[in-house]
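Remarks on the structure that follows.
Residue numbers (this note's numbering): 1 to 154.
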């Protein structure tokens, strides 16, 4: 039986410009993921997590890096992530990028995105569709894990 049901909106923007992250449609070329998120190397991104109904976010982790989380208001949390040290993707390759978000009391949500990291000034990183946010419909019980029931790109 589901004890928790809530919506999580994840928004990622370039820190300096405020531009939304770009993505491209890859069909099923790579391991079944339809979209590839496009990142620039040595770039800072702002990450915002909004929950409805409001719940506490205790941790945001991007690819193994814990972000310093700021509570903007009830149900809205943010942090910054820098791609410094990330390996630039070779042509024709994609890599998983993992977001872990911990909620209290619901538990941990894991979202994996097929990604490509471009050189710092490569314009390909900003070409394509813009991801204003991804909305996750979530459920959970007392096992400590939040399940993603549905996702939609906005």
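Ideal Cβ positions, reconstructed from N, Cα and C, are used throughout, including at glycine. All values derive from a computational prediction rather than experimental measurement.
Ranking 43, 148, 48 and 107 by CA distance to the CA of residue 120 puts 43 first. In this structure, the straight-line span from the alpha carbon of residue 65 to that of residue 101 is close to 12 Å. For the 9 Å CB-CB criterion, residue 8 and residue 138 form a contact. Using a Cβ distance threshold of 9 Å, residue 62 and residue 49 do not count as a contacting pair. Nearest to residue 18 by C-alpha distance, out of 149, 133, 84 and 108, is 133. For residue 131, the closest alpha carbon among the candidates 2, 59 and 22 is that of 22. Spanning the alpha carbons of residue 92 and residue 99 requires a straight line of approximately 23 Å.
In the displayed model, residue 123 falls within a helix according to three-state DSSP. In this structure, the beta-carbon distance from residue 88 to residue 41 falls below 9 Å.
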